[in-house]
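Residue numbers (the working numbering): 16 to 64.
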């Protein structure tokens with residue numbers, strides 16, 4: 016992330032506390048609101064470019 020920013024590349028970082036690595040996407044059946052937030056973050060990043 017920091018290297019991308021240093022190179023002038025548009026980048027964003029998001030952490031989802033309380034989930035394992037990629038848990039926000041892997042456990043969509045158990046926590047759909049977390050998955051929805053992640054998808055919304057990705058869409059906002061693309062839209063704002």
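Using N, Cα and C, we set each Cβ at its ideal position, and we do this for glycine too.
Since the structure is predicted, the reported quantities are computational estimates derived from the model, not experimental observations.
CB contact flag (residue i, residue j, <8 Å)
i, j, result
"residue 53", "residue 63", "no"
"residue 31", "residue 49", "yes"
"residue 56", "residue 29", "yes"
Inter-residue Cα distance where the pair is residue i and residue j
i, j, result
"residue 35", "residue 20", "25 Å"
"residue 46", "residue 37", "12 Å"
"residue 59", "residue 25", "13 Å"
"residue 51", "residue 27", "17 Å"
"residue 41", "residue 33", "13 Å"
Segments of 4+ residues assigned as alpha helix (DSSP H) that fall wholly inside the region 20-57: Here the runs fully enclosed are 38-41.
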